[in-house]
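**Q** Take this structure, written in structure tokens, and hold onto it; I'll ask about it next.
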Amino acid sequence: MNPQAKLIFITSLLLGTTITISSNHWIMAWAGLEINTLAILPLISKSHHPRAIEAATKYFLVQAAASALVLFSSMTNAWCTGQWDITQLTHPTSCLILTSAIAMKLGLVPFHFWFPEVLQGSPLTTGLLLSTAMKLPPITLLYMTSPSLNPTLLTTMAILSTALGGWMGLNQTQIRKILAFSSISHLGWMAIILAYNPKLTLLNFYLYALMTTTVFLTMNSMKVLKLSTLMTAWTKVPSLNAMLLLTLLSLAGLPPLTGFLPKWLIIQELTKQDMTPAATIISLLSLLSLFFYLRLAYCTTITLPPHTTNHMKQWHTYKPTPTLIAILTTMSITLLPASPMILTLI
1 MNPQAKLIFI
11 TSLLLGTTIT
21 ISSNHWIMAW
31 AGLEINTLAI
41 LPLISKSHHP
51 RAIEAATKYF
61 LVQAAASALV
71 LFSSMTNAWC
81 TGQWDITQLT
91 HPTSCLILTS
101 AIAMKLGLVP
111 FHFWFPEVLQ
121 GSPLTTGLLL
131 STAMKLPPIT
141 LLYMTSPSLN
151 PTLLTTMAIL
161 STALGGWMGL
171 NQTQIRKILA
181 FSSISHLGWM
191 AIILAYNPKL
201 TLLNFYLYAL
211 MTTTVFLTMN
221 SMKVLKLSTL
231 MTAWTKVPSL
241 NAMLLLTLLS
251 LAGLPPLTGF
261 LPKWLIIQEL
271 TKQDMTPAAT
281 IISLLSLLSL
291 FFYLRLAYCT
301 TITLPPHTTN
311 HMKQWHTYKP
321 TPTLIAILTT
331 MSITLLPASP
341 MILTLI
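Numbering follows full-length UniProt numbering, in which position 259 of the sequence shown is assigned residue number 259; successive positions increment by one, without gaps.
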């Protein structure tokens, strides 16, 4: 892709995100979301492969429908209450439509079908943007409207997202699809706590974005797209593989690592809100996603699984680990002891 064109698209992404997260008026928020959608489309379809074109078409149709629903929701609210302010979304029907619209934008169950397909058709760097940066504006809108949203609906969608994200990721062999289902599962954790403590939703999103960025950049550096190539990548860059193992375990939420912090705080908050059954169910469902993270980790570093085909081992390269990946990995696995400081910041 032409560097000038890429610069324009990246700048537009930053502009759209900034407009949405800093706006008070629904029309400005909607305009920011539209700029974002239009800026990411060329980045999805830049390879001109039929699958990439298909992914871009699906993404455009879903995001256009969701944007129309956002506009419809805000207009219904303005019609009934006279308020265009984002924080003044009080009409129950508007809140219901907005929850559906943002669920479509994010890929929450039952509007999740587009996300794994779009991620599978995109390059790894664009997949990283779709999984992290493109989710920030919709989550900001949820954060601003959280007092008005229906807790029962959010809890139901959250538990379904964690269940389906776990179940459907179990039999995947494509790494981008596994990461897409991982994203759906994490969104469930963010949605369940939104109505009770929205700051924890944001904390969960930031830490999820940090760990997912590390995984995507490591995969991009190793040029790995599916499990069979991941199995033979350990000869190429052993240090990156060890870092990827720890980051995957952190993404799964295992205790000594960073990923445990949001899960711990969310379970604690749910228990305080007398929602122990929901906390128990979502904790048990996260074991499903733990299984496919362990499967990825197993293929990454521990051993080659038994198979009949002989894979060619890759050449060992003595390139140093990129500094950005090293910093992100360190943060992805060591932030748990700093949790008191992190909690004072949010």
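Ideal Cβ placement from N, Cα and C applies to all residues, glycine included.
1) From the DSSP output, in three-state form, read off K177 for me.
2) My output table needs one value for H49: the three-state DSSP class, helix, strand or coil.
3) Could you please give the first and the last residue of the uninterrupted alpha helix (DSSP H) stretch that includes I267?
4) Which residue comes first and which comes last in the alpha helix (DSSP H) that contains G169?
5) Tell me, which residues are paired with H25 by DSSP?
6) K105 by DSSP, collapsed to three states: which one?
7) How many Å lie between M219 and F260 at the Cα?
8) For A297, count neighbouring Cβ atoms within 10 angstroms of its own Cβ and tell me buried if that reaches 16, exposed if not.
9) Using 8 Å as the threshold, is the C-beta distance between T317 and V237 below it?
10) Do T81 and T90 have their C-beta atoms closer together than 8 Å?
11) For A65, tell me which candidate among N241, L98, G166, H25 has the shortest Cα-Cα distance.
12) Consult DSSP for K6 and reduce its assignment to one of helix, strand or coil.
13) Along the alpha helix (DSSP H) that carries T323, what are the first and last residues, could you check?
14) Unbroken alpha helix (DSSP H) runs of length 4 or more, entirely within the segment 170-244: which are they?
15) For P322 and L71, I'd like the C-alpha separation in whole angstroms.
16) Tell me which residue opens and which closes the alpha helix (DSSP H) that G253 is part of.
17) Quick check on this structure: which residue in S45, S148, L33 has the alpha carbon closest to the alpha carbon of I21?
18) Once you ignore the five residues that flank S23 on each side, which residues in its own chain have a CB closer than 6 Å to its CB?
19) Once DSSP output is grouped into helix, strand and coil, what is the label at T90?
20) How would you label N171, buried or exposed, when you count the other beta carbons within 10 angstroms and need 16 or more for buried?
21) Cβ of N36 within 7 Å of any heavy atom in the ligand GDP?
22) Take I27 as the anchor and find which of I40, Y59, L61, S67 has the nearest alpha-carbon.
23) Within the continuous alpha helix (DSSP H) that includes S339, where are the two ends?
24) Of the choices S182, I333, S228, L265, whose alpha-carbon is the least far from that of L290?
25) Take the Cβ of P262 as the centre, count every other Cβ of all protein chains shown within 10 Å, and call the residue buried at 16 or more, exposed below.
26) Does the beta-carbon distance from residue 370 to T201 come in below 8 Å?
27) Looking at the structure shown, is T317 part of a helix, part of a strand, or coil, going by DSSP?
28) Could you tell me whether the segment 106-125 touches the segment 54-61, using the rule of 3 or more Cβ pairs below 8 Å?
29) Do I102 and P138 have their C-beta atoms closer together than 8 Å?
30) L285 and L210 - do their beta-carbons sit closer together than 8 Å?
31) Assuming Y298 is part of the alpha helix (DSSP H), what are its boundary residues?
32) Short check: CB of L288 to CB of A278, under 8 Å?
**A** A quick look at the data gives this:
1) helix
2) coil
3) 260-272
4) 151-169
5) D85
6) helix
7) 22 Å
8) buried
9) yes
10) yes
11) L98
12) helix
13) 323-334
14) 175-193, 198-222, 227-231
15) 43 Å
16) No alpha helix (DSSP H) contains G253, which DSSP labels as neither H nor E.
17) L33
18) A29
19) coil
20) exposed
21) The ligand GDP is absent from the structure shown, which contains no ligand whatsoever.
22) S67
23) 339-345
24) S182
25) buried
26) In the structure as shown, the chain starts at 1 and stops at 346, and residue 370 therefore has no counterpart that could be examined.
27) coil
28) yes
29) yes
30) no
31) Careful: Y298 lies outside any alpha helix (DSSP H) and carries neither H nor E.
32) no
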